[in-house]
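Residue numbers (full-length UniProt numbering): 1 to 56.
Built from N, CA and C at the ideal position, the CB exists for glycine as well.
Working notes for the structure below.
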């Protein structure tokens, strides 16, 4: 893992597999906060969407 962003994406994927969606939201919020001027990648947007969809 080279960056905190990549690490949080990885942890979000693990949380998804374990069906721990609240934790998945936390990890993806950290990813969103670390993004400076660039946008989230397609993969990151999908993970964030899945996390919030399953928390509700």
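Given a cut-off of 8 Å, decide if residue j and residue i are closer than it, judged by their beta-carbon atoms.
{"i": "residue 21", "j": "residue 54", "result": "yes"}
{"i": "residue 31", "j": "residue 5", "result": "yes"}
{"i": "residue 13", "j": "residue 47", "result": "yes"}
Take residue i and list the residues in its own chain whose beta-carbon comes closer than 8 Å to its own, dropping the five residues that flank it on each side.
{"i": "residue 43", "result": "9"}
Leaving out the 5 sequence neighbours to the left and right, which residues in its chain are closer than 6 Å to residue i when beta-carbon positions are compared?
{"i": "residue 23", "result": "15"}
{"i": "residue 45", "result": "none"}
{"i": "residue 28", "result": "12, 47, 48, 51"}
Could you tell me the boundaries of the alpha helix (DSSP H) in which residue i lies?
{"i": "residue 5", "result": "4–17"}
{"i": "residue 38", "result": "Here residue 38 belongs to no alpha helix (DSSP H), and DSSP marks it neither H nor E."}
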